[in-house]
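Residue numbers (this note's numbering): 40 to 270.
Okay, structure coming up:
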């Protein structure tokens with residue numbers, strides 16, 4: 040009965056597919072907390088990756104943490120919380136900064152969620168996803184705007200539209216609305232469902248303007264000469 044409301048919408052077979060899946064959540068900050076929470080409650084097993092510790096400034100938007108968690112590792116505290124939410128799922132954690140030397144910890148996952156705010160890590164995940172044919176759902180949220188983009192085999196990748204970028208606006212420097220991160224994290228999970236259940240994922244870049252409540256879709260073209268996904 041735990042997933043009965045889901046099953047009324049997607050069916051028992053689809054729910055079973057979710058329960059048989061493992062999703063890597065890279066970055067257990069605002070987006071990662073929202074996404075991991077929803078996925079855990081949906082019966083999806085998780086692999087959490089983050090080196091950061093909980094700080095006071097995280098608490099207004101990172102919903103898995105409380106005042107008493109300040110100073111402790113995010114992945115450990117996230118696992119502690121989510122293990123109480125759903126006894127049935129498996130949760131693995133890696134307290135590390137992802138790099139080319141350790142990114143192999145993501146092998147074996149059915150899908151990767153990019154919930155980071157670091158451009159170097161985003162490009163690293165993009166390349167790993169394309170080379171290993173593991174679906175990647177990109178997410179970003181700063182100030183009052185957020186973005187979601189699906190990266191799958193044969194489609195455009197992050198390098199196709201962000202290849203020239205050297206810097207990324209981050210919430211630590213420019214701030215972010217807490218309700219925006221909840222929306223973007225939820226939109227990422229909506230695409231996780233679509234991809235895992237093979238129901239037709241969104242092929243455009245999703246842009247959400249939280250201040251004006253506007254959601255738009257932007258076409259991203261695959262570059263033939265892309266250094267990552269090009270032919």
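Cβ atoms here follow ideal geometry from the backbone N, Cα and C, with glycine treated the same way.
Owing to the predicted nature of the structure, the values given are computational and were not obtained by experimental measurement.
Mapping DSSP to helix, strand and coil, what is residue i?
| i | result |
| --- | --- |
| residue 46 | helix |
| residue 128 | coil |
| residue 186 | strand |
| residue 256 | strand |
| residue 246 | strand |
| residue 111 | coil |
| residue 65 | strand |
| residue 71 | helix |
| residue 91 | coil |
| residue 57 | helix |
| residue 81 | coil |
| residue 121 | helix |
| residue 153 | strand |
| residue 86 | strand |
With 16 other CB atoms within 10 Å as the buried threshold, where does residue i fall?
| i | result |
| --- | --- |
| residue 189 | buried |
| residue 105 | exposed |
| residue 235 | buried |
| residue 150 | buried |
| residue 248 | exposed |
| residue 159 | exposed |
| residue 156 | buried |
| residue 270 | exposed |
| residue 101 | buried |
| residue 185 | buried |
| residue 69 | buried |
| residue 176 | buried |
| residue 118 | buried |
| residue 22 | Residue 22 falls outside the range modelled here, since the chain spans only 40 to 270, and no answer is possible. |
| residue 23 | Because the chain here runs from 40 to 270, residue 23 falls outside it and cannot be looked at. |
Determine the contact status of residue i and residue j, defining contact as a CB-CB distance below 8 Å.
| i | j | result |
| --- | --- | --- |
| residue 83 | residue 128 | yes |
| residue 145 | residue 63 | yes |
| residue 187 | residue 178 | yes |
| residue 108 | residue 93 | yes |
| residue 61 | residue 86 | yes |
| residue 294 | residue 196 | No information on residue 294 is available, as it lies outside the stretch 40 to 270 that the chain covers here. |
| residue 250 | residue 153 | no |
| residue 180 | residue 132 | no |
| residue 166 | residue 65 | no |
| residue 142 | residue 163 | yes |
| residue 148 | residue 173 | yes |
| residue 245 | residue 258 | no |
| residue 349 | residue 54 | Since the first residue of the chain shown is 40 and the last is 270, residue 349 is not available in this structure. |
Looking at the secondary structure, which residues open and close the alpha helix (DSSP H) in which residue i lies?
| i | result |
| --- | --- |
| residue 167 | 158 to 171 |
| residue 223 | 217 to 235 |
| residue 177 | Premise fails: residue 177 lies in the beta strand (DSSP E), 175 to 181, not in any alpha helix (DSSP H). |
Can you name the start and end residues of the beta strand (DSSP E) that residue i belongs to?
| i | result |
| --- | --- |
| residue 197 | Not the beta strand (DSSP E): residue 197 falls in the alpha helix (DSSP H), residues 197 to 201. |
Shorter than 7 Å, the distance from the beta carbon of residue i to the closest heavy atom of the ligand ATP, or not?
| i | result |
| --- | --- |
| residue 155 | You won't find the ligand ATP in this model; it holds no ligand whatsoever. |
Could you tell me whether the stretch 222 to 231 touches the stretch 66 to 79, where touching means 3 or more Cβ pairs closer than 8 Å? They touch, by the three-pair rule.
Quick test of the definition: if touching needs 3 or more C-beta pairs under 8 Å, does the stretch 85 to 102 touch the stretch 110 to 124? Yes, since at least three Cβ pairs between the stretch 85 to 102 and the stretch 110 to 124 fall closer than 8 Å, the two stretches touch.
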